[in-house]
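Everything below concerns the one structure shown next.
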Amino acid sequence: MPPSSLRVVYAFAREMHPKTTDIFIEYGTAGFRTKANLLEHVVYRMGLLAVIRSRCKNGRTIGMMITASHNLEPDNGVKLIDPDGEMLEQSWEEIATRLANVSDNDLESTTEQVIKQVNADMGLKASVYIGMDTRYTSPRLAAAAVHGVMALKGTAKEFGIVTTPMLHFCVKCRNDNTYGTPTEEGYYEKIVGAFKNIRQKLPVFGHYNTTLHVDGANGVGGKKLNIIKKTLDGELDLVLYNLGGNGGKLNLNCGADYVKVSQKPPVGVEPVPFQRVASLDGDGDRIVYYYVDDSNNMCLLDGDRIATLLASYITESLKACDATHLRLGLVQTAYANGGSTKYITEDLKVPVTCVKTGVKHLHHAALSYDIGVYFEANGHGTVVYSDVAKSTIAKVAQEGDTEQRKAAQLLLNFIDMTNETVGDAISDLFLVETVLCARGHDVRQWMDSYKDLPCRQLKVTVEDRNAIKTTDAERKCTSPEALQGQIDELVSKYNSGRAFVRPSGTEDIVRVYAEADTQDSAEKLAAEVSQAVFDLAGGVGDRPSLPA
Ligand code: G16
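Its first residue numbered -17, the sequence shown is counted upward by one per residue in our numbering.
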């Protein structure tokens, strides 16, 4: 494409998607995320970047997902998906940020610079898959994305409303047809098909109950489960809530993030003791489980619990396949409950890696194992299996003795049921249900595997959240200078105390995490650390108060 053709890049920007704000925006934990009305020019420009990226990858398909995931309705966002269905390569985040922030007048020349910098062959074909969540601002933003793709003569394919992980799956399949068919139906065929296959092989027994209650966060995940539910033939009885009707607002007092952070059941789901409930987030990439006990206490089974459940099951399966030489590892972040890390290392004897928040970091670290299980405590995670692991298990399924063949075939179905491209609430739900069914377990037995340390997460609003800098996988704070000293001092007053702070990459706040030996202590420590953040990092509004 000759540089003169880049004029159209400016024309689309000026006529249809002008930059109307000077607010600086950064490619954060999961792409660009802010108020929807500040995003149209950003999404248009990411359409341009997706085409350049596709050409850099020899015309392989790139994905663009319009979503603000767990954020509330007025926000929106865009994340780019790389050819293997992974998050955008990190070195491109700076390029994305630069392109998003230049003036309309400088857009043409900056686009040209980027093309040169990354050495994209603009003569190649380019393909971009575009999906969106259920926000009312998403169609307009998806249209801006299409214009960006058109401006650089790429081919856009729109998937309409899909979960984020469905789009990741489709991108992967389009670039590697051994993984599946790149359509929503192809996704159901593979993931749900594998679950149904497994259910034929596993009898329901013990305390496992085939009824699962699901909070859909009034987002796309619940809607897709409603489609899946009709095909399940009673193998799993899904009872769905918060599907977006009756004035229910996206992620408001419901969904995985609300349930995890507030440690309360979502609105709309009547608490019934020991009933197994799963909560999805707004774009279907996170899931947590919970139940209430007979005193109505909230019992949360979060990402750490899901990770340990899956890792222990896979470990047992590898033993049954006589394939224990395959290295299984688990990846967590600083948010992982201390109780879970202790259980993983001391009881499961599985190696653990701790990385920075953001699925992109976890995914990358998980790839260093033959089988990598990664989960953030917030319920975002999946399992990745190396080619060696897959071929070893496939060989056992062919050549092992009867019991080994049976175990290996089950594990192959388990692998098929996993969306390896990214954390996926629907795929994770089927994985969890499979393990519980295989063990004949109910939620109490699942909960019994280890004890969580009581914890609390809080948010503090400050003038500039990026004034907080961290190191050591976000477990230590390096700026403002005095803050870590204060945190250490506060933590030292509590038994089993631990706390850290970090700027959110998806909301304009600082996150505070604290755990201790009692809930009261965890609440108090979290509040004290929040006060320290407020005082030393330019708090805005009311100073956080201590619990009564
Ligand atoms: C995104 C990321 C997650 C991250 C979460 C919160 O989730 O994909 O990896 O844990 O944001 O990030 P932060 O604490 O930086 O705001 P989602 O589900 O919102 O896309």
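Ideal Cβ positions, reconstructed from N, Cα and C, are used throughout, including at glycine.
This structure is a prediction, so every number in the text was calculated from the model and none was measured.
Q) Can at least three beta-carbon pairs, one atom from the region 35 to 46 and one from the region 0 to 7, be found at a separation below 8 Å? A) no
Q: Check the C-beta distance from Tyr223 over to Ser322 and give it rounded, since I have them as a contact under 8 Å.
A: By one-based count along the sequence shown, residue 223 stands at place 241. By one-based count along the sequence shown, residue 322 stands at place 340. About 27 Å separates the two Cβ atoms, so there is no contact after all.
Q. What are the start and end residues of each continuous alpha helix (DSSP H) run of 4 or more residues lying completely inside the region 313 to 366, in chain order?
A. 320 to 324 and 341 to 348
Q) Just the residues with CB closer than 6 Å to a heavy atom of the ligand G16, in chain order, which are they? A) Thr11, Ala12, Ser51, His52, Asp263, Asp267, Arg268, Thr339, Gly340, Val341, Glu358, Asn360, His362, Ser486, Gly487, Thr488, Glu489 and Arg493
(Q) Considering Cα atoms alone, identify which of Val515, Glu140 and Asp275 is closest to Lys451. (A) For the purposes of this step, residue 451 is taken as the residue at position 469 of the sequence shown. Cα-wise, what sits closest to Lys451 is Val515.
Q. Can you list, in chain order, the stretches of the beta strand (DSSP E) that have 3 or more residues and sit fully within the region 458 to 492?
A. 458 to 461 and 480 to 485
Q: Taking the CB atoms as reference points, tell me whether Asn157 and Ala199 lie closer together than 8 Å.
A: Position 175 of the sequence shown, counted from the start, is the residue given in the question as residue 157. Position 217 of the sequence shown, counted from the start, is the residue given in the question as residue 199. In this structure, Ala199 does not lie closer than 8 Å to Asn157 by Cβ.
Q.
Taking the beta carbon of Glu358 as the centre, do at least 16 other beta carbons fall within 10 Å, making it buried, or is it exposed?
A. In the sequence shown, residue 358 corresponds to position 376, counting from 1. Classification of Glu358: buried, given that the 10 Å Cβ count is 16 or more.
Q.
For the beta strand (DSSP E) containing Asn58, name the first residue and the last one.
A. Here residue 58 corresponds to residue number 76 of the sequence shown, with the count starting at 1. Start and end: Asp57 to Ile63.
Q | Whole-angstrom distance between Val24 and Phe(-6), CA atom to CA atom | A | To locate residue -6, count along the sequence shown from 1; it is residue 12. To locate residue 24, count along the sequence shown from 1; it is residue 42. For Phe(-6) and Val24, the distance between alpha carbons rounds to 13 Å.
**Q.** Neighbour-count burial assignment, Val378, 16 or more Cβ in a 10 Å radius
**A.** As a working mapping, residue 378 is identified with position 396 in the sequence shown. Flag for Val378 reads buried.
Q) Can the beta-carbon of Ile48 be found less than 8 Å from the beta-carbon of Ile63? A) The residue labelled residue 48 in the question sits at position 66 within the sequence shown. The residue labelled residue 63 in the question sits at position 81 within the sequence shown. No, these two residues do not count as a Cβ contact at 8 Å.
Q) With a cut-off of 8 Å, do at least 3 Cβ pairs link the region 444 to 462 to the region 313 to 332? A) yes
Q. Candidates Ala376, Val313 and Gln386: which alpha carbon is nearest Lys301's?
A. Residue numbering aside, residue 301 sits at position 319 when the sequence shown is read from its first letter. That would be Gln386, whose Cα lies nearest to the Cα of Lys301.
(Q) Just to confirm, is the Cβ distance from Gly285 to Gly363 under 8 Å? (A) If you number the sequence shown from 1, residue 285 lands on position 303. If you number the sequence shown from 1, residue 363 lands on position 381. Cβ atoms of Gly285 and Gly363: closer than 8 Å.
(Q) I'd like to know whether the C-beta atoms of Ile288 and Gly361 end up nearer to each other than 8 Å. (A) In the sequence shown, counting from the first residue as 1, residue 288 sits at position 306. In the sequence shown, counting from the first residue as 1, residue 361 sits at position 379. Yes; because the gap between Cβ atoms is below 8 Å, this pair is in contact.
(Q) Extract the residue ranges of the alpha helix (DSSP H) inside the region 220 to 246, only unbroken runs of 4 or more that lie entirely within it. (A) 237 to 244
(Q) Within a Cβ cutoff of 6 Å, which residues of the same chain sit near Gly162, ignoring the five residues on either side of it in sequence? (A) Residue numbering aside, residue 162 sits at position 180 when the sequence shown is read from its first letter. Same-chain partners within the cutoff: Cys155, Gly168 and Lys172.
Q) Relative to the alpha-carbon of Ala82, which residue among Pro65, Asp66, Val60 and Arg493 has its alpha-carbon at the smallest distance? A) Walking along the sequence shown from the start, residue 82 turns up at place 100. Per the Cα distances, Val60.
Q: Can you give me the start and stop residues for the alpha helix (DSSP H) that Asp369 sits inside?
A: Residue mapping note: residue 369 aligns to position 387 of the sequence shown, counting from 1. First-last of the alpha helix (DSSP H) with Asp369: Asp369 to Glu381.
Q: Would you tell me roughly how many angstroms separate the C-alpha atoms of Lys1 and Thr339, rounded to the nearest one?
A: Here residue 1 corresponds to residue number 19 of the sequence shown, with the count starting at 1. Here residue 339 corresponds to residue number 357 of the sequence shown, with the count starting at 1. Going from the Cα of Lys1 to the Cα of Thr339 covers about 30 Å.
Q) For Pro333 versus Gly354, is the C-beta spacing smaller than 8 Å? A) Indexing the sequence shown from 1 puts residue 333 at position 351. Indexing the sequence shown from 1 puts residue 354 at position 372. Their beta carbons are not under 8 Å apart, which means Pro333 does not touch Gly354 by this criterion.
Q. With a CB to CB cut of under 7 Å and the five nearest residues on each side skipped, what residues in its chain are close to Leu207?
A. Position 225 of the sequence shown, counted from the start, is the residue given in the question as residue 207. Cβ neighbours of Leu207 beyond the five flanking positions: Val196, Gly198, Leu220, Leu222 and Ile408.
**Q.** Spatially closest choice to Gly175 from Leu413, Leu54 and Arg309, by CA coordinates
**A.** Your numbering for residue 175 matches position 193 in the sequence shown. The shortest Cα separation from Gly175 among Leu413, Leu54 and Arg309 belongs to Leu413.
Q) Taking Cβ positions, are Val186 and Thr145 nearer each other than 8 Å? A) Here residue 186 refers to the residue found at position 204 when the sequence shown is read from its first residue. Here residue 145 refers to the residue found at position 163 when the sequence shown is read from its first residue. No, these two residues do not count as a Cβ contact at 8 Å.
(Q) Does Val254 come out as helix, strand or coil in the three-state DSSP assignment? (A) Position 272 of the sequence shown holds residue 254. Looking at Val254 - three-state DSSP - the assignment turns out to be coil, as it is neither helix nor strand.
Q) By a C-beta neighbour count over all protein chains shown, 10 Å radius and 16 as the cutoff for buried, is Tyr118 buried or exposed? A) Within the sequence shown, numbered from 1, the residue matching residue 118 stands at position 136. With fewer than 16 other Cβ atoms within 10 Å, it is exposed.
Q | Pro164 beta carbon less than 8 Å from that of Asp406 | A | In the sequence shown, counting from the first residue as 1, residue 406 sits at position 424. In the sequence shown, counting from the first residue as 1, residue 164 sits at position 182. Cβ distance not < 8 Å, so Asp406 and Pro164 don't count as in contact.
(Q) For the beta strand (DSSP E) containing Glu140, name the first residue and the last one. (A) For the purposes of this step, residue 140 is identified with residue 158 of the sequence shown, where counting begins at 1. Looking at the DSSP string, the run of the beta strand (DSSP E) that includes Glu140 is Thr137 to Ile143.
(Q) What I want to know is whether the C-beta of Asp304 ends up closer than 7 Å to one or more non-hydrogen atoms of the ligand FAD. (A) Inclusion of the ligand FAD in the displayed structure is not the case, the ligand content consisting of the ligand G16 alone.
Q: Taking His150 as the reference, give the member of Ser277, Cys419, Leu225 and Pro65 with the closest Cα.
A: Sequence index remark: in the sequence shown, residue 150 carries index 168 (1-based). With distances taken between Cα atoms, His150 lies closest to Pro65.
Q: Taking all protein chains shown into account, decide if Ala576 is buried (16 or more other Cβ within 10 angstroms of its Cβ) or exposed.
A: Residue 576 lies beyond the stretch modelled for the chain, which goes from -17 to 530, so this question has no answer here.
Q.
Helix, strand or coil, according to DSSP, for Glu497 in the structure here?
A. Against the sequence shown, residue 497 aligns to sequence position 515. It is a strand residue.
(Q) Quick check: Glu90 and Arg(-11), are their CB atoms within less than 8 Å of each other? (A) For the purposes of this step, residue 90 is taken as the residue at position 108 of the sequence shown. For the purposes of this step, residue -11 is taken as the residue at position 7 of the sequence shown. The answer is yes: Cβ separation under 8 Å.
Q. When the Cα atoms are used, what is the spatial distance from Ala383 to Cys303?
A. What you label residue 383 is simply residue 401 of the sequence shown in a count that begins at 1. What you label residue 303 is simply residue 321 of the sequence shown in a count that begins at 1. Residue identity check: residue 383 is Asp in the sequence provided, not Ala. Asp383 and Cys303: Cα-Cα distance of roughly 9 Å.
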